[in-house]
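Enquirer: Here it is, the structure, as structure tokens.
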Amino acid sequence: MDLAKERPPDSSPTRTKARIWIAAGLAAAIFAAGLATLVSRASGDPNLRRSRVEIRHLFMLFELPPGAVRSGNPGEETLNQPASGIIGSDHLLDVVQYWRFPMTPVEASLWVQTHPPKGLTKSGSSSGSAQGFSYRDTDTDAYTYPNLEISIASDGIRSTPVRIDAVLIWLSSELVRDTTSGPRIRFTVAEGCPPRLGPSVSVRNPRDALKDRLLPEGRPTVGLVCRYVNGPERPPATIIPLSSDEAISLAVAIGRVHLTYPGRFSYFSCGTAASVYATIDLLALRYPGRQDVNLWYTEDGCGSLRNGYLDAKGYNTATLNWFTRRPDRPVRACSPRSHHAAEPLHQSGDL
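Mind the numbering: the sequence shown is residues 13 to 363 in this note's numbering, read in order.
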């Protein structure tokens, strides 16, 4: 597939209708020039190649009904986008196929429900002007949110137009570095929580073993969570000592966080509260035979998890679901479906 046909969304926070096509030649020329740079930078990334293989794999998992015929875009307004919505990221891969099923919409819906894609997990459904079914594959270190989206038009009689999207967000091999500018804070479990954050913007850790991973190898013995709310000059609102088991559970959750780059645009339904009002969690974990390790977790929008060298952007820090097991530690869950993402132009065809 030609990556030049995978269009990044508009950076506007307003979700547009898919029927609004880019008609202005100037806008198209500007877009093509910008995308050429993206293509040249990304085309050799092994994660992108693996993601394209996954796209092909997703299509192969769905069993088409007998007599189904491949078609072009039927021009149905209800099929201008997946029925369950789209994801707004310039690392979106969304390959579209259009089909006609020789049956009514009700029969087409029943076929999909009784012949789900093999090996995938149902991740959602939607109804309205078009009916949609979403099926999810497993994330890897090369991509996240791999889904097969099946959308069924509601106005078929003897045959029904169906749109099938193979969708994922590919993660480049580029690690996201902590480039925050300002003072870095450091503390240990034994010292306890700092009385305030002050001007600090991140944490400071020893250089060894933390340039390409958030935490060192091994298991922490104890830990400490310091939660700050309503500004950097206030004392911690919550202090949570972590037992050995709790510290290990937290470290395991942190180990699941992707460190690779998901693209330039957020694709989560998250707020954009100013960081001065954000909830900040400072984490300290003690490891045998080394200095304590600090992490800075910002819960504005979807959050950011930093160790002073790496910055795991909020697109995946919701995997820190260990916190949800404590009533005083709610973590704002992030939905991969953005209600404010502009619509990309989808590829029709095969990879």
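Backbone N, C-alpha and C define an ideal beta-carbon position, used for all residues, glycine too.
Note that the coordinates shown come from a computational prediction; the quantities given were computed from them, not determined experimentally.
(1) Measuring alpha carbon to alpha carbon, tell me which of Leu91, Leu104 and Arg189 ends up nearest Asp167.
(2) Quick check on this structure: which residue in Arg68, Asp57 and Ala142 has the alpha carbon closest to the alpha carbon of Glu89?
(3) Taking its Cβ as the centre, do 16 or more other Cβ atoms sit within 10 Å of Glu108, making it buried, or is it exposed?
(4) Do you know whose CA, among Pro211, Lys223 and Pro206, lies nearest Arg189's CA?
(5) Compute the beta-carbon to beta-carbon distance between Thr200 and Ser214, rounded to the nearest angstrom, for a pair I have assumed lies under 8 angstroms.
(6) Using a 10 Å radius around the Cβ and a threshold of 16 neighbouring Cβ atoms, would you call Gln125 buried or exposed?
(7) Could you tell me which of Thr133, Ser171, Asp304 and Leu180 sits nearest to Pro218, measuring between CA atoms?
(8) Considering only C-alpha positions, which residue in the set Ile176, Val234 and Arg246 is nearest to Pro207?
(9) Output the residue ranges of the alpha helix (DSSP H) runs that lie fully inside the stretch 65-126 and measure 4 residues or longer, sorted by chain position.
(10) Since Arg189 sits in a beta bridge, which residues does DSSP pair it with?
(11) Can you pull the DSSP bridge partners for Pro306?
(12) Within the 8 angstroms Cβ cut-off, does Thr152 reach chain D?
(13) Quick test of your reading: Thr116 and Ile169, contact by CB under 8 angstroms. State the CB separation rounded to the nearest angstrom.
(14) Pull up the CB-CB distance for Leu180 and Ile67, whole angstroms please, since I reckon it's below 8 angstroms.
(15) How long is the line joining the alpha carbons of Ala80 and Ser63, rounded to whole angstroms?
(16) Given this structure, state the Cα-to-Cα distance separating Leu160 from Phe74, to the nearest angstrom.
(17) Report the rounded CA-to-CA distance for Tyr147 versus Pro128, giving the unit in angstroms.
Expert: According to the structure data:
(1) Stepping through the sequence shown from its first residue, residue 167 is reached at position 155. Between Asp167 and the set Leu91, Leu104 and Arg189, the nearest pair of CA atoms involves Leu91.
(2) Sequence index remark: in the sequence shown, residue 89 carries index 77 (1-based). The shortest Cα separation from Glu89 among Arg68, Asp57 and Ala142 belongs to Ala142.
(3) As a working mapping, residue 108 is identified with position 96 in the sequence shown. It is worth fixing the name first, because residue 108 is Val in this sequence and not Glu. The residue in question, Val108, is buried, as its Cβ has 16 or more Cβ neighbours within 10 Å.
(4) Position 177 of the sequence shown, counting from 1, holds the residue named residue 189. Ranking Pro211, Lys223 and Pro206 by Cα distance to Arg189 puts Lys223 first.
(5) Counted from its first residue, the sequence shown places residue 200 at position 188. Counted from its first residue, the sequence shown places residue 214 at position 202. Not quite, the Cβ-Cβ distance comes to about 17 angstroms (not below 8 angstroms), so this is no contact.
(6) On the sequence shown, position 113 is the one that residue 125 refers to. Exposed: under 16 other Cβ atoms inside 10 Å.
(7) As a working mapping, residue 218 is identified with position 206 in the sequence shown. When only C-alpha atoms are compared, the closest one is Asp304.
(8) Residue 207 sits at position 195 when you count from the first residue of the sequence shown. The residue with the shortest Cα to Cα distance from Pro207 is Arg246.
(9) Scanning the stretch 65-126 for uninterrupted alpha helix (DSSP H) segments of 4 residues or longer gives 117-126, listed from N- to C-terminal end.
(10) Counting from 1 along the sequence shown, the entry for residue 189 is found at position 177. Its beta-bridge partners are Leu322.
(11) Residue 306 sits at position 294 when you count from the first residue of the sequence shown. According to the sequence provided, residue 306 is Asn. The question's Pro does not apply to it. Looking at the DSSP assignment, Asn306 forms a beta bridge with Ala296.
(12) This model lacks chain D altogether, as it is built from one protein chain only.
(13) Here residue 116 refers to the residue found at position 104 of the sequence shown. Here residue 169 refers to the residue found at position 157 of the sequence shown. Confirmed, Cβ separation roughly 7 angstroms.
(14) In the sequence shown, counting from the first residue as 1, residue 180 sits at position 168. In the sequence shown, counting from the first residue as 1, residue 67 sits at position 55. That pair is a contact at about 7 angstroms.
(15) Within the sequence shown, the letter at position 68 stands for residue 80. Within the sequence shown, the letter at position 51 stands for residue 63. About 27 angstroms.
(16) Start at 1 with the first residue of the sequence shown, and residue 160 comes out as number 148. Start at 1 with the first residue of the sequence shown, and residue 74 comes out as number 62. For Leu160 and Phe74, the gap between their C-alpha atoms comes out near 9 angstroms.
(17) Here the question's residue 147 lines up with position 135 in the sequence shown. Here the question's residue 128 lines up with position 116 in the sequence shown. Inter-residue distance for Tyr147 and Pro128 is about 8 angstroms (C-alpha atoms, whole angstroms).
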